[in-house]
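In order, the protein sequence lines correspond to chains A and B.
Residue numbers for the first sequence follow our numbering, so the first one is 609 and each next one is one higher.
Residue numbers for the second sequence follow our numbering, so the first one is 609 and each next one is one higher.
All remarks here apply to the structure that follows.
There are 2 protein chains.
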Amino acid sequence: MQTDPLSTKFAALADPTRRAILARLALGETSVTELAKPFDMTMPAISKHLKVLEGAGLITRSRDAQMRPCKIAPSAFKDVDGWLEDYRKLWEERFDRLDAYLQKLQAKQRKKRRTTKRKGA
Amino acid sequence: MQTDPLSTKFAALADPTRRAILARLALGETSVTELAKPFDMTMPAISKHLKVLEGAGLITRSRDAQMRPCKIAPSAFKDVDGWLEDYRKLWEERFDRLDAYLQKLQAKQRKKRRTTKRKGA
DNA sequence: TCTTTATTTAACCATAAGGTTATTTAACTG
DNA sequence: CAGTTAAATAACCTTATGGTTAAATAAAGA
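Structural data, given as structure tokens:
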């Protein structure tokens, strides 16, 4: 596995079970047993998933009696979002260029229609 | 590996070599040999990385003589961005609550300063 | 203190990931 | 056609991942 924080985060997010756990945690802090319920999986498996999420800095854990409640880390998605930001620009530009191209195309077609005085479809 | 598109994309992004390839492709379409240059890695390794990126729908490939130029797929990051969107809301709310809390705290401190008439630091 | 509840750790297994070298395929070039 | 360039495939190796069962740990409760 890669050791840089961004790789670790993407790797953690690459598993549907872990994303489902995050989705549950988005509703609020909860226990491991509670988190495990929706899954057809043993507790140690869930425990490992939580360790991966924690290791990636996506969740934090506390203690409440025997329970180890989990919650989403405050700035969990900050760097992932920051990374995406660069590419967001890229595809917005791409979209802008496409948009410009389509407008040019439409202008050309309008011009054509004017010169040919509505001959074809 | 998981087979759903989002997992496949996150997994593809979880490797720094692949992210570097994407960063290079953000500058424009280019050949495999060109893409390979910055890395201390054999061609087959790069070839595999490109296959992963293509399989995730992050890049597309064409043909130009013996070359197989790669470019970033038009809507490469759309679903990843969409997924993040939900959590963006979450942490904006979290931030809003923190902000509200801090404002309340400051208000309380101003009040305190007024009643104690600047006694301590 | 013994038991129960909540969770983790250890040991193991199958499969996937990321790399290698050697070989092939594909297309241009002389 | 023979040779060169660009890239992919095959076969292999090592390590990581995602799961299991069985055992250990931690805290609360009778």
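Using N, Cα and C, we set each Cβ at its ideal position, and we do this for glycine too.
Work out the CA separation of A/A644 and B/T692 for me, nearest whole Å.
Note on identity: in this sequence residue 692 of chain B is Leu, with Thr being the wrong assignment. Using only the alpha carbons, I get a separation of about 23 Å.
So, is B/Q711 buried or exposed, given that buried needs 16 or more other C-beta atoms within 10 angstroms?
By the neighbour-count rule (16 or more Cβ atoms within 10 Å), B/Q711 is not buried but exposed.
Have a look at the DSSP bridge pairing and note the partners of B/K679.
Answer is B/T668.
Note down, in chain order, every chain B residue with its Cβ under 7 Å from the Cβ of A/F618.
Correct list: F618, L621, A622.
Would you say B/S670 reaches chain A, if we count a Cβ-Cβ gap shorter than 9 Å as a contact?
Not one chain A Cβ lies under 9 Å of B/S670.
Look at B/R676 and B/S615 and say whether their C-beta atoms are less than 9 Å apart.
Taking 9 Å as the Cβ cut-off, B/R676 and B/S615 do not qualify as a contacting pair.
Where does A/R626 land, buried or exposed, given buried means 16+ other C-beta within 10 angstroms?
The residue is buried, with at least 16 neighbouring Cβ atoms inside 10 Å.
Would you say B/L643 reaches chain A, if we count a Cβ-Cβ gap shorter than 9 Å as a contact?
No, its Cβ sits nowhere closer than 9 Å to a Cβ of chain A.
At which residues does the alpha helix (DSSP H) containing A/T616 begin and terminate?
Here the alpha helix (DSSP H) through A/T616 covers 613-621.
Let me know if A/A619 comes out buried or exposed under the rule of 16 or more other beta-carbons within 10 Å of its beta-carbon.
A/A619 comes out buried.
Cβ contact check for the segment 679-694 of chain A and the segment 663-670 of chain A: 3 or more pairs under 8 Å:
Taking 8 Å as the limit for Cβ pairs, the verdict is that the segment 663-670 of chain A does touch the segment 679-694 of chain A.
For B/G728, which residues from the same chain have a beta carbon less than 7 Å from its beta carbon, with the 5 sequence-adjacent residues on both sides left out?
Confidence at B/G728 is low in this model, with a pLDDT of 34, below 50, so the placement of that residue should be treated as unreliable; the coordinate-derived value is given next. Within the same chain, and ignoring the five residues on either side of B/G728 in sequence, no residue has its Cβ closer than 7 Å to its Cβ.
Hey, could you find the ends of the alpha helix (DSSP H) A/S639 is sitting in?
No alpha helix (DSSP H) contains A/S639, which DSSP labels as neither H nor E.
For A/L635, is the classification buried or exposed, using 16 other Cβ atoms within 10 angstroms of its Cβ as the cut-off for buried?
When all chains shown are included, A/L635 counts as exposed.
Helix, strand or coil for B/A673 per DSSP?
Coil.
Classify A/A622: buried if its beta carbon has 16 or more other beta carbons within 10 angstroms, exposed otherwise.
Its Cβ being crowded by 16 or more others within 10 Å, A/A622 is buried.
Run through chain A and tell me which residues come within less than 8 Å of B/V688, C-beta to C-beta.
Here the neighbours are L692.
Just to check my reading of the structure: B/A628 and B/P646 have Cβ atoms closer than 8 Å, yes? What is that Cβ distance to the nearest angstrom?
The beta-carbon distance between B/A628 and B/P646, rounded to whole angstroms, is 7 Å. This is short enough to meet the 8 Å contact definition.
Are the Cβ atoms of B/C678 and B/L658 separated by less than 9 Å?
Taking C-beta atoms as the reference points, B/C678 and B/L658 count as a pair closer than 9 Å.
Would you verify that the beta carbon of A/P646 is, or is not, closer than 9 Å to some beta carbon of chain B?
Cβ-Cβ to chain B under 9 Å: no for A/P646.
Residues of chain A with a CB under 9 Å from the CB of B/A628: which are they?
Within chain A, no residue comes near B/A628; the closest Cβ sits about 11 Å away, beyond 9 Å.
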